[in-house]
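The next block holds one structure in the form of structure tokens; read it before the comments.
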Ligand SMILES: O=C(O)CCC(=O)C(=O)O
Ligand SMILES: [Fe+2]
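Residue numbers (my numbering): 2 to 418.
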């Protein structure tokens with residue numbers, strides 16, 4: 002499954018309420034749809050409404066970015082794409098050259114593959130270790146016990162047992178994993194009493210971890226604001242963070258996962274996590290040492306291949322989701338990925354991971370971001386016929402209302418339920 006088959010995020014609702022406020026991600030937010038709703042990951046299998054709603058480009062003459070910048074991989078030879086480790090330490094000084102260098106590295110990785118590893122990410126190692134310990138203790142209680150605190154689809158929260166989620170409904174593979182989704186702990190959605198005692202008794206750790214993962218998300222989003230050169234007047238570095246406020250309703254999910262060792266039952270076609278793309282803004286992934294994560298990456302003009310993304314000590318994996326691909330008109334990739342059973346003895350090891358799925362606030366409209374880099378790419382595509390060019394831009398919103406993050410979420414859910 003290729004990221005080019007990403008589903009419809011571009012959907013606009015013709016004739017609906019218009020948006021006349023400023024172009025800022027959050028400033029243009031519509032009225033709230035109430036409590037935050039469902040989140041996680043969804044398959045990329047539906048036909049692209051994006052294509053069906055595209056119109057001719059509004060061609061202008063902006064060409065300030067080189068072809069290499071805008072289509073970094075298409076010009077390269079057949080060498081396999083690399084997923085870099087980026088030292089995020091110097092991004093704290095957001096005004097210095099060091100920060101700019103980091104932001105450029107992040108953007109390049111997002112353009113190249115949609116994946117990168119981050120070291121010095123700022124989430125305390127002690128909390129990561131404690132979270133993995135908690136995750137192991139929790140799943141060791143057994144599925145019969147944990148099933149008493151089941152998944153609630155209304156708020157995308159709670160426990161999911163083996164083979165209850167199908168990240169790729171077009172595949173006949175079943176997913177050999179258990180998971181718990183924990184929405185943001187900001188007093189709006191998740192209630193302690195809905196979780197098993199092992200988790201409820203560690204609410205402080207969960208709250209702290211949620212917050213520090215979200216803080217990391219915000220820092221990476223600032224790097225995207227810098228890398229994509231969002232003008233100060235449109236929000237600059239805070240363009241994305243202003244619609245990812247922790248206190249507000251959004252569908253961010255902290256998910257703890259257990260992939261048990263390979264099952265004895267070979268009559269079922271098992272996998273760990275089927276191929277999918279993540280549908281939010283950014284995902285942060287904390288892995289144990291087992292491995293098995295793979296991304297579908299293209300080398301030059303060759304067919305894409307599944308490339309392993311083994312754990313690198315001291316790092317987390319970050320990948321850009323469907324909304325980032327949408328906001329940048331396909332410039333940034335939301336890349337298909339999966340988790341397979343490793344070969345050899347590692348197949349007989351359990352695997353634990355912790356994922357943080359970043360989502361914008363529910364009422365955030367899904368419009369193209371005000372970035373000259375994005376605009377140049379779209380205009381260049383329009384000239385060369387390379388891609389489905391459209392730069393709608395914020396000013397064209399007077400007759401169409403962009404779908405909101407929450408509406409998008411509901412649409413995705415309706416496709417899989
Ligand atoms: O557990 C992992 O390594 C990745 C899981 C994943 O991609 C997901 O749940 O969206
Ligand atoms: Fe994923």
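Cβ atoms here follow ideal geometry from the backbone N, Cα and C, with glycine treated the same way.
Query                                                                                                                                                        : Result
CA-CA distance, residue 181 and residue 363?                                                                                                                 : 21 Å
For the region 367–376 against the region 301–317, are there 3 or more C-beta pairs whose distance is under 8 Å?                                             : no
Under 9 Å between the Cβ atoms of residue 319 and residue 117?                                                                                               : yes
Should residue 390 be labelled buried (16 or more other beta-carbon atoms within 10 Å of its own) or exposed?                                                : Note that residue 390 scores 43 on pLDDT, short of 50, meaning its location in the model is unreliable; the coordinates nonetheless yield the value given after this. Buried, because 16 or more other Cβ atoms sit within 10 Å of the Cβ of residue 390.
Under 8 Å: do the region 201–208 and the region 217–226 share three or more Cβ pairs, one atom per stretch?                                                  : no
Taking 9 Å as the threshold (C-beta atoms), are residue 183 and residue 256 in contact?                                                                      : yes
Between the alpha carbons of residue 406 and residue 346, how many angstroms are there, rounded?                                                             : 42 Å
Report the three-state DSSP secondary structure of residue 182 (helix, strand or coil).                                                                      : strand
For residue 366, tell me which candidate among 258, 310, 251 has the shortest Cα-Cα distance.                                                                : 251
Assuming residue 164 and residue 175 form a contact by the criterion Cβ under 8 Å, report the distance between their Cβ atoms to the nearest whole angstrom. : 4 Å
Any idea what DSSP makes of residue 306, helix, strand or coil?                                                                                              : strand
What does the alpha-carbon distance come out to for the pair residue 84 and residue 110?                                                                     : 7 Å
Less than 8 Å between the CB atoms is what I'm expecting for residue 146 and residue 262, so what's the real figure, rounded?                                : Not confirmed; about 20 Å, so no contact.
Using the rule of at least 16 other Cβ atoms within 10 Å of the residue's Cβ for burial, across every protein chain shown, is residue 403 buried or exposed? : buried
Do residue 279 and residue 358 have their beta-carbon atoms positioned less than 9 Å apart in this structure?                                                : yes
If you reduce the DSSP assignment to three classes, tell me which class residue 277 lands in.                                                                : strand
What separation, rounded to the nearest whole angstrom, lies between the Cα atoms of residue 59 and residue 380?                                             : Low confidence applies here, because residue 59 scores a pLDDT of 22, under 50, leaving its location unreliable and the question unanswered by this model.
Would you mind sorting residue 171 into buried or exposed? The rule is 16 or more other CB atoms within 10 Å of its CB.                                      : exposed
Judging by CA-CA distance, which residue of 138, 162, 286 is the nearest neighbour of residue 198?                                                           : 138
To the nearest angstrom, how far is it from the Cα of residue 185 to the Cα of residue 258?                                                                  : 17 Å
Looking at residue 114 and ligand 2, is the gap between the Cβ and the nearest heavy atom below 8 Å?                                                         : no
Residue 361 and residue 324 look like a contact to me (Cβ under 8 Å); what is the Cβ gap, rounded to whole Å?                                                : 7 Å
Less than 8 Å between C-beta atoms, sequence neighbours within five positions excluded: which residues of the same chain meet that for residue 101?          : 227
Are the CB atoms of residue 275 and residue 89 within a distance shorter than 9 Å?                                                                           : no
Following the continuous beta strand (DSSP E) through residue 288, name the residue where it begins and the one where it ends.                               : 283–288
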